[in-house]
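Undergrad: My structure is below; once you've seen it, I'll send some questions.
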Ligand code: PMP
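Numbering (the UniProt record's numbering), first residue to last: 2 to 377.
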């Protein structure tokens with residue numbers, strides 16, 4: 002139609018690579034049970050809500066001033082959190098924070114990707130790796146996975162040797178499949194990426210650990226030691242139950258932290274964001290208690306879906322990929338008709354469900370049971 006933003010957009014002098022493309026858009030539908038965007042179903046506990054109010058009130062008294070540009074107090078608290086929970090000590094200088102790990106990834110691609118450069122990821126994986134690459138003018142290369150969604154190390158090595166990417170993404174646990182990546186695999190890919198770019202200063206390997214707190218396996222944080230081109234990306238959107246906060250962070254060699262300062266907007270992290278994140282970090286133990294419950298619910302979803310004769314990919318995240326359906330989109334719609342929103346990531350035959358509260362997961366399992374019966 003005349004006023005549709007898409008047709009009007011095409012009349013604008015936008016960049017060629019953006020023409021005809023659609024933005025990231027998980028449906029935000031108003032249904033009773035929403036298990037589609039890997040959010041934490043638990044609202045922040047009241048004592049934390051009050052602590053946020055206190056910290057934000059204090060920050061508000063200074064809003065006439067720009068925030069701490071280097072977010073030192075917050076980065077120090079994040080370094081302490083990583084040191085305590087990820088089995089490896091990191092310092093403030095090794096940690097950088099931004100508005101969600103999406104912004105962390107964008108800053109990394111602005112610094113290490115860009116026009117004339119390429120990034121490679123193993124698909125299906127988090128779609129924003131490709132979209133942020135495009136947005137930063139970085140060429141995107143789709144690398145292979147095995148049928149069980151693990152990374153085929155030999156095929157991955159071959160893809161890296163062939164395409165010689167400047168940036169390699171390894172998502173562990175992987176979204177949307179839930180697959181954790183072993184340390185040995187990451188090391189093999191790191192070596193391959195450095196060897197392929199031996200003519201330059203090597204290639205950046207980004208390990209996206211957005212969901213690692215839900216994993217059966219420990220964080221790969223220790224791998225950054227002695228590997229200046231290895232970056233670990235994290236977020237408070239999932240385990241901390243704070244998707245609305247928009248706080249992501251990275252851990253890497255201090256030189257990487259220096260490098261992203263070249264592209265970050267000055268004062269990118271508002272005082273309100275910094276105050277809120279600091280309050281949440283004070284309540285880490287309570288929030289990790291919710292994570293433990295969600296891990297149990299995730300394992301229950303896996304077991305119950307298998308009992309319904311669904312195929313389920315082993316999951317180390319707060320979501321589960323299940324199938325196999327001849328027409329996954331029709332099943333998605335049928336589950337939605339029962340009041341439960343899950344995600345169709347476009348992986349043929351598969352759908353993804355986020356672990357919710359026990360009641361939400363029961364509603365989801367009831368819906369699947371009903372849908373399988375309707376369709377049998
Ligand atoms: N990485 C992965 C693998 C994700 O699934 C997500 C969120 N869906 C993000 C990064 C980005 O999260 P945020 O920007 O909220 O930190």
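Yeah, the Cβ is synthetic: ideal placement off N, Cα and C, and Gly gets one too.
None of these values were measured; they are calculated from a predicted model.
1) On the three-state DSSP scale, how would you describe residue 233?
2) What I want to know is whether the C-beta of residue 209 ends up closer than 7 Å to one or more non-hydrogen atoms of the ligand PMP.
3) Look up residue 119 in the DSSP assignment and give the residues it is bridged to.
4) Please tell me whether residue 350 and residue 325 are closer than 8 Å, where the distance is taken between their beta carbons.
5) Mind checking which residues open and close the alpha helix (DSSP H) that includes residue 101?
6) With H, G and I counted as helix, E and B as strand and the rest as coil, what does DSSP make of residue 334?
7) Compute every distance between the C-beta of residue 176 and the non-hydrogen atoms of the ligand PMP, then say whether any falls below 7 Å.
8) Starting from the C-beta of residue 59, find all residues in its chain whose C-beta is less than 6 Å away, skip the five residues before and the five after it, and write them out in chain order.
9) Starting from residue 324, follow the beta strand (DSSP E) in both directions and report where the run begins and ends.
10) At the level of alpha carbons, what is the spacing between residue 243 and residue 83?
11) Only counting runs of 3 or more residues, tell me where the beta strand (DSSP E) segments fall wholly within the region 130-210, in order along the chain.
12) Can you look up residue 252 in the DSSP assignment and give me helix, strand or coil?
13) Out of curiosity, what's the CA-to-CA distance linking residue 299 and residue 337?
14) Should the region 88-101 be regarded as contacting the region 241-256, the criterion being three or more beta carbon pairs within less than 8 Å?
15) With distances taken between CB atoms, is the gap from residue 179 to residue 318 smaller than 8 Å?
16) Taking the alpha carbon of residue 168 as the reference point, which residue from 75, 139, 235, 174 has its own alpha carbon closest?
17) Could you please give the first and the last residue of the uninterrupted beta strand (DSSP E) stretch that includes residue 352?
18) Return the chain-ordered list of same chain residues with a C-beta closer than 7 Å to the C-beta of residue 13, the five sequence neighbours on each side being excluded.
19) Can residue 205 and residue 109 be called in contact, C-beta distance under 8 Å?
20) Would the C-beta of residue 136 count as close to the ligand PMP, meaning under 7 Å from any of its heavy atoms?
21) Leaving aside the five residues before and after residue 2 along the sequence, list all residues of the same chain whose C-beta is less than 7 Å from its C-beta, in chain order.
22) Buried or exposed, going by whether 16 or more other CB atoms sit within 10 Å of the CB of residue 25?
23) Assuming residue 1 is part of the alpha helix (DSSP H), what are its boundary residues?
24) Quick check: is any heavy atom of the ligand PMP less than 7 Å from the C-beta of residue 103?
TA: According to the structure data:
1) strand
2) yes
3) 140
4) yes
5) 101-113
6) helix
7) yes
8) none
9) 320-324
10) 17 Å
11) 140-144, 168-172, 205-209
12) strand
13) 20 Å
14) yes
15) yes
16) 139
17) 352-355
18) none
19) yes
20) no
21) Note that residue 2 has pLDDT 42, beneath the 50 cutoff, so the model's placement of it is unreliable and the number below is only indicative. For residue 2, where only same-chain residues beyond five positions count, there are no Cβ hits under 7 Å.
22) exposed
23) Any answer about residue 1 is impossible in this case: the structure gives the chain only from 2 up to 377.
24) yes
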